[in-house]
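Report on the following structure.
Residue numbers (the working numbering): 35 to 439.
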């Protein structure tokens, strides 16, 4: 019996019990749709995180203060007073460095505008912050050299901060807000970068480092020094130069550990890629389980079908059907059910991928690789699920089959 004839017989048999066929196919539909959607979400997550890290700065290298030690317990990085504005000035003179932005932070800064308020992070910095951290201004201007020199009480707000104050960028520029009770004039609003959570770059306030030092911290130490490199290929060289410079300036003994840390964009991207790959593989694993469950359903249905059709199989063998003809028919039935479910599942997955991405705030879209993987996996599951029932059917003894009640 040819495959065309097996296909014709399989279709006719499947139409005799459409409800069973539909329910069996449903498991494959769910598995394939889940695989397409979750692969799309995983790829979207990786792309979003990569874009966010790339948007943090241009060829960025962050030099962070070390951790303080209190009572023998080391605190988090940045808690020690190991970096100064003079350190930032010295780093700016190194070859391969385009711009340097000293950053002095004020955590939990309360911004009040009339009757509305929000709590965010405040960073005292210089005009170089815009270059180093890749900030663009959508309305107004960024911090100026004059504002830093004079210690002016001016501020640049992130778009999320502005939205939290129920204002528009155009309306808030030129207005006075209070930050921890101290009045500041808003001179600009940055372009949205995209982000969420505690590290949202759009939920921030920037002010001249001199004003933050005199009005809030009273200290000259920095949390971070942002460094923009001329050429990313010189990263290792610049890191080595900065390390040597700061160890010399901080008078560290040769046996002493660095009292600062350095993190590059490449390191962040590497960590992010590893993390998102783990998340993506986890999501694929979940969808694969659903697909395997669908395959088990197909195998179970086909085994039941074999039991129900024992006399039919015996009759066909008695009139000359070969073992491979019987096995081929049952295998083709399983593959048809699987492929039908795979086609519907792919279409459903394409439709729901965007909705799933929106639910988790990720710009997700189906990918050709995801569709191919889902379709190929479904076909493999169908062949595997149909093989054993087909083998069982082909091995039935025709005499015993004809006696079966």
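Glycine is no exception: its CB is placed at the ideal position from the N, C-alpha and C atoms.
Query                                                                                                                                                                               : Result
Going by C-alpha to C-alpha distance, which of 246, 255, 295, 266 sits closest to residue 277?                                                                                      : 295
Taking the alpha-carbon of residue 222 as reference, which of 206, 228, 151 has the nearest alpha-carbon?                                                                           : 206
Give me, in chain order, the residues of the same chain whose beta-carbon lies closer than 7 Å to that of residue 254; leave out the 5 immediate sequence neighbours on both sides. : 118, 119, 247
Within its chain, find whatever has a CB closer than 8 Å to the CB of residue 106; leave out the 5 residues flanking it on each side and keep chain order.                          : Note that residue 106 scores a pLDDT of 42, beneath 50, so its modelled location is shaky and nothing firm can be said.
Decide if residue 110 is buried, meaning its Cβ has at least 16 other Cβ atoms within 10 Å, or exposed.                                                                             : Residue confidence is low: residue 110 scores 48 on pLDDT, short of 50, so the model does not pin down where it sits. No coordinate-derived value is stated.
To which residues of the same chain is residue 421 closer than 6 Å at the C-beta, ignoring the five residues directly before and after it?                                          : none
Considering only the alpha carbon of each residue, which of 215, 220, 188 lies closest to residue 209?                                                                              : 220
May I ask you to check if the CB of residue 190 is nearer than 8 Å to at least one heavy atom of the ligand NAD?                                                                    : The ligand NAD is not part of the structure shown, which contains no ligands of any sort.
What is the C-beta distance between residue 290 and residue 69, in whole angstroms, given that I count them as a contact (C-beta under 8 Å)?                                        : Wrong, their Cβ atoms sit about 53 Å apart, outside the cutoff.
Excluding sequence positions up to five away, which residues of its chain have a Cβ less than 7 Å from the Cβ of residue 271?                                                       : 130
Is the region 397-414 close to the region 58-74, with three or more CB pairs under 8 Å?                                                                                             : yes
Have a look at 179, 125, 176, 212 and flag the residue whose alpha-carbon is nearest the alpha-carbon of residue 147.                                                               : 212
According to DSSP, residue 276 sits in a beta bridge with which residue or residues?                                                                                                : Its beta-bridge partners do not exist; DSSP assigns none.
Give a yes or no on contact between the region 304-321 and the region 72-81, applying the rule of three or more CB pairs nearer than 8 Å.                                           : yes
Mind checking residue 374: buried by the 16 CB within 10 Å criterion, or exposed?                                                                                                   : buried
DSSP beta-bridge partners for residue 443?                                                                                                                                          : As shown, the chain starts at 35 and ends at 439. That puts residue 443 outside it, with no answer to give.
Answer with buried or exposed for residue 215, where buried requires no fewer than 16 other C-beta atoms within 10 angstroms of its C-beta.                                         : exposed
Assuming residue 135 and residue 167 form a contact by the criterion Cβ under 8 Å, report the distance between their Cβ atoms to the nearest whole angstrom.                        : 7 Å
From what residue to what residue does the alpha helix (DSSP H) around residue 121 run?                                                                                             : 119-126
For residue 147, does the three-state DSSP call read helix, strand or coil?                                                                                                         : strand
Report the option in 228, 393, 138, 151 whose CA atom is closest to the CA atom of residue 182.                                                                                     : 138
Kindly identify the DSSP beta-bridge partner or partners of residue 259.                                                                                                            : 97, 136
Please return the same chain residues whose Cβ sits closer than 6 Å to the Cβ of residue 169, not counting the five positions on each side in sequence.                             : 224
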